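So for the sequence shown, the working numbering puts the first residue at 178; every next one is plus one.
Don't be surprised by glycine CBs; every beta carbon is placed ideally from N, CA and C.
Treat the numbers as computed from the prediction; the structure is a model and nothing was measured.
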Amino acid sequence: MSNPITESRSLFEQLYKYAPIGIAVASHVNGRWLQLNPAFCEMLGFSEDELIDSPIEHMIHEVDQEMERFRSNFGDMTNGVSQMYETEIRLKRKDGSLLWSNIRACIVRDEENNHPLYLLVQAVDITRQKEAEQHLIEQRKQLEESTRISRILTESSLDLIAIHHADQERTFKYVSPASLGMLGYKPEEIVGQSGLFCIHPNDIPIVEAYVAGQMQGLAPDRINYRLLHKDGSVVWADTITHYIYDEQGNLQEMIAVTRDITASKKQEQSLQEYQSLFDCNPLGVASLDLEGNLLKANVGQEHLTGHSKEELLSQSFDHLIDPVDLAKTRYHFEESVKGKAQSYEIGLIHQDGRRIETRVINVPIILEDRVVGVYGITSDITESKKYVEEIENLSYERALILNAMSEGVIGLDQNGKLIFANPAAAEMMGFCPTEMNGVHFEHIILQMQNEAIPYPVNESPIVKAVREGRSLPRSESVFWRQDGSSFLAEFQLKPIMDQGNTRGGVLVFRDMTSVNDIIRAKELAEQADRAKSEFLAIMSHELRTPLNGIMGMANLLKETELDEEQSGFAEIIIDSGESLLHILNEILDFSKIEAGKMDLSRDAVDIQEMLASVVELFALKAAEKNIELYCEMSDQIPERVRGDVTRIRQILINLVGNAVKFTEKGSIQIRVSVNAPEDGDPNKLQLSFVVKDTGIGIAMDKQHQLFQSFSQLDPAINRKYGGTGLGLAISKKLVELMDGAIGVHSEIGKGAEFHFTLLLEKWQDESDDGMEASDHTWVEADQSLLAANIRILIAEDQPVNSHLMEELLRKLGGVCDIVENGEAAVRALERESYDIVFMDIKMPIMDGIEATCKIRQSHPEIPVIAAITAFAGESDRDACLECGMQDFISKPFSSSEITRVLRTWVPYIRAHRLMLDT
């Protein structure tokens, strides 16, 4: 029988002989090998002869033999159901090793009748591929396992693990679930947020600097900083950061592992606090073992005992204790070793040998329920014990003081029961203190509510405050005695404290019935004083107003063409007006001093210049009487001092004026010297002034009247020389205001010597030339054009005064409008624009102060407002300036005063116009 394979060999001999893959032919009937090519044989390590006629399944690895599936697939190919069968199986080599092979099998059929001829098998060695696949599978499994383990570690780790993008914000890319427990945020709440999310605002610069430093290799591996929990609490964090770079060195990701170290931080802080409590405690603090040997001692212990730390730690505490207290100390120490805290007082022996009174607190050191040592805290109570002894010694003196007090003093315990009462309290309340000890306060003194209804038991304000340990401020209440009588009491309550604990209260009270009478009398006196001040103010205004018209018109009259007789009449009017003004000023000055409202300025005073002005003032009158008037001044007096030049000059004018008045021949001498102040203050000096004349003199029995108000020594003298009798009284009070004294030495016919001292301050700033202030006031060359083109309004209710001022301003080139009250002035400024307003203070309907306030609401700068006032005190000036006035003149006003105001403000007005024009 011929072999069909042999007959067709020529067809595929070249194909399978040199093919790189295994090709074999097997019987489709019995499954035995019929022919195998060299590549197949080489793959298996057998020769062709060894394999021919052997079953196919003999070379298949037993684990991969699935005969049922193979037979089913072979049957499908034989029956034409499928064309090919392909599988991957392991084949057994001759040496027993296995190789993976890709097997493809198909039935070769007869082309004529389609009958199966044989089974064609192709085999490709895929061992390396399989090994690579297996390696990949194992790697994948390892990766999956690693991922699983990492996920478990990440999800179960208490540390917060985060991955950040490498963008500028370091945005969160991944956050582990630990964020919820650590910060209160779910991971999805943090992912996408800036890397600075949750960082405490104060620590953001630290973190940014750390990141920048780490990327440059300059920062440590970890950083401690604060985070903010979702509930607002602070979480201390310790973070380690790793940076992931690509092959080009570009940052790809940042991995940060953060641990919550809040507890350890608190523990560290507690340790630091404990260490501070130990090291910085001013008390002596030491730790001892159970035998009493000192293990540690702070600086306070060194200072307390005088021993160095080395001396303290070299032995037990016995050598520090006064022998008389050693047994007591050992007892308390043994009690501490048993776990009981102790507090006691003993004496220590200082290194210099003296005894120190101390309070010792022993606290057992307990670790794991076992006493391992003792803390000793020692405080020096030497001074406090001395104080207690002194207090005890003062108890008798205290009793004397309480007994001598006019106020009632009652001591109450915390339940409101009487502890003690002084005699004044017993007398006011009508009880015997010894009988009332332990009696409740409400059984002694009764307080009523506003409706005269008694308070409920234990609910009166005093009893409640004592019970609650509160103070009651000074207040008034009606106290009712047990006999039904009552009185108005002023009382105050203070708690009694003992080592921080309330022990009761002390009530101090007094009968205000007589005191209120005194207060009412005082109020009436103050009311009368106010009425007097108001009367003087009104009288000053009413007198100055007509006086202003008289003197002003007399001055205007004098400037007209008059003959000699008429000029003399005008001069008499002016002199009379000045005399009247002088008297009025003296009365007002005296009233101010008497009311305590005289304020002294503290300006630079040139004594030499002031003396020269006084001498110049009286030089003409002295010359008329042929009296020599001269001045002597010590070279030791500094160029200037600090004081009130006006008031010093006023004193001298009074004294020199009297000397000129009462001296008919001879001389008047003014002397000034300087002395150191009695208190030795280097910043002050005492000036002594003497005014000596050769006048009529003063009788010894009359000299005591000299400095009394409204006092005249002799009616005949008063008729001859005149005067109010206030000059010397005012001078005396002014001298006393300047911490000085004034006196006189005189005999009839031998003249008088008045002397006074003033305590003044030295002028400290010698570089500040307060005496020669530059006059920057603009001066118009032609006086008649001073007020030219200046729009002026006069608000004055007295026609004489308004006419006088209009005439004075007309001579200075001014054109004026006149209104009679403040309301009219406000309306006038609503209609017209004015540069300057002369505003009288006292006017009907609306006064000058109120009118100025209204004007300043719409005209803040211009017009300039100058007050016309009968008062020229500091308070009057302050009131004028406060409401918006810029200057003032006092009645009776003169041409020179009006000229001064214009020279001061016209340049300002013209500059303001120029500024508006430009």
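One or two residues paired with residue i in a DSSP bridge
{"i": "E430", "result": "H342 and I421"}
{"i": "P672", "result": "G682"}
{"i": "I237", "result": "L268"}
{"i": "A300", "result": "G199 and I280"}
{"i": "W413", "result": "R403"}
{"i": "R532", "result": "I526"}
{"i": "L465", "result": "L471 and V551"}
N-terminal and C-terminal residue of the beta strand (DSSP E) that residue i is part of
{"i": "V996", "result": "V992 to V996"}
{"i": "V1003", "result": "Here V1003 belongs to no beta strand (DSSP E); instead the alpha helix (DSSP H) covers G999 to R1008."}
{"i": "V782", "result": "D780 to V782"}
{"i": "W210", "result": "W210 to L213"}
{"i": "H922", "result": "I919 to S923"}
{"i": "L472", "result": "L471 to A474"}
{"i": "Y807", "result": "E805 to M810"}
Proximity below 8 angstroms, CB of residue i to CB of residue j
{"i": "F664", "j": "V685", "result": "no"}
{"i": "S231", "j": "W210", "result": "yes"}
{"i": "V537", "j": "G524", "result": "no"}
{"i": "A964", "j": "L989", "result": "yes"}
{"i": "E938", "j": "V822", "result": "no"}
{"i": "L395", "j": "L360", "result": "no"}
{"i": "G1061", "j": "I1045", "result": "no"}
{"i": "I845", "j": "I784", "result": "no"}
{"i": "I198", "j": "A216", "result": "yes"}
{"i": "H238", "j": "I266", "result": "yes"}
{"i": "L733", "j": "E984", "result": "yes"}
{"i": "S865", "j": "H932", "result": "yes"}
{"i": "P1040", "j": "I1013", "result": "yes"}
{"i": "L490", "j": "A504", "result": "no"}
Cα-Cα separation, residue i to residue j
{"i": "S654", "j": "G677", "result": "30 angstroms"}
{"i": "L1079", "j": "T934", "result": "40 angstroms"}
{"i": "Q260", "j": "I314", "result": "32 angstroms"}
{"i": "I969", "j": "T737", "result": "24 angstroms"}
{"i": "F349", "j": "Q370", "result": "6 angstroms"}
{"i": "E793", "j": "N860", "result": "31 angstroms"}
{"i": "Y632", "j": "L623", "result": "8 angstroms"}
{"i": "D408", "j": "C375", "result": "11 angstroms"}
{"i": "N539", "j": "M606", "result": "51 angstroms"}
{"i": "D272", "j": "M236", "result": "12 angstroms"}
{"i": "Q444", "j": "S453", "result": "14 angstroms"}
{"i": "L914", "j": "R779", "result": "13 angstroms"}
{"i": "F608", "j": "I621", "result": "8 angstroms"}
{"i": "V956", "j": "L962", "result": "Only weak support is given to the placement of V956: the predicted model assigns it a pLDDT of 45, under 50, and the value that follows is read from those uncertain coordinates. The alpha-carbon atoms of V956 and L962 are separated by roughly 10 angstroms."}
{"i": "D456", "j": "L472", "result": "14 angstroms"}
{"i": "I750", "j": "P976", "result": "20 angstroms"}
{"i": "D466", "j": "I673", "result": "42 angstroms"}
{"i": "K1104", "j": "E366", "result": "There is simply no residue 1104 to check, as the chain begins at 178 and stops at 1095 in what is shown."}
{"i": "Q429", "j": "S274", "result": "47 angstroms"}
{"i": "E645", "j": "I630", "result": "23 angstroms"}
{"i": "H205", "j": "R305", "result": "31 angstroms"}
Among the options, the one whose alpha carbon lies nearest that of residue i
{"i": "S979", "options": "P1069, L276 and I438", "result": "P1069"}
{"i": "R436", "options": "R399, Q452 and Q429", "result": "R399"}
{"i": "P293", "options": "V202, D783 and V992", "result": "V202"}
{"i": "M877", "options": "G928, A836 and Q659", "result": "G928"}
{"i": "M582", "options": "L589, A601 and G593", "result": "A601"}
{"i": "G874", "options": "I847, I417 and T840", "result": "T840"}
{"i": "D1055", "options": "I237, I1026 and A1088", "result": "I1026"}
{"i": "S278", "options": "V782, E748 and L221", "result": "L221"}
{"i": "F597", "options": "A603, E604 and G588", "result": "G588"}
{"i": "L777", "options": "V851, L911 and K842", "result": "L911"}
{"i": "G483", "options": "N470, D1017 and I533", "result": "I533"}
Run of the alpha helix (DSSP H) containing residue i, from where it starts to where it stops
{"i": "I847", "result": "Segment S844 to N852 is the beta strand (DSSP E) holding I847; no alpha helix (DSSP H) there."}
{"i": "D226", "result": "E225 to L228"}
{"i": "F510", "result": "L503 to V514"}
{"i": "H980", "result": "P976 to K988"}
{"i": "A876", "result": "A876 -> no alpha helix (DSSP H), and no H or E assigned at all."}
{"i": "M625", "result": "Note, M625: premise wrong, no alpha helix (DSSP H); not H, not E."}
{"i": "W1082", "result": "S1072 to D1094"}
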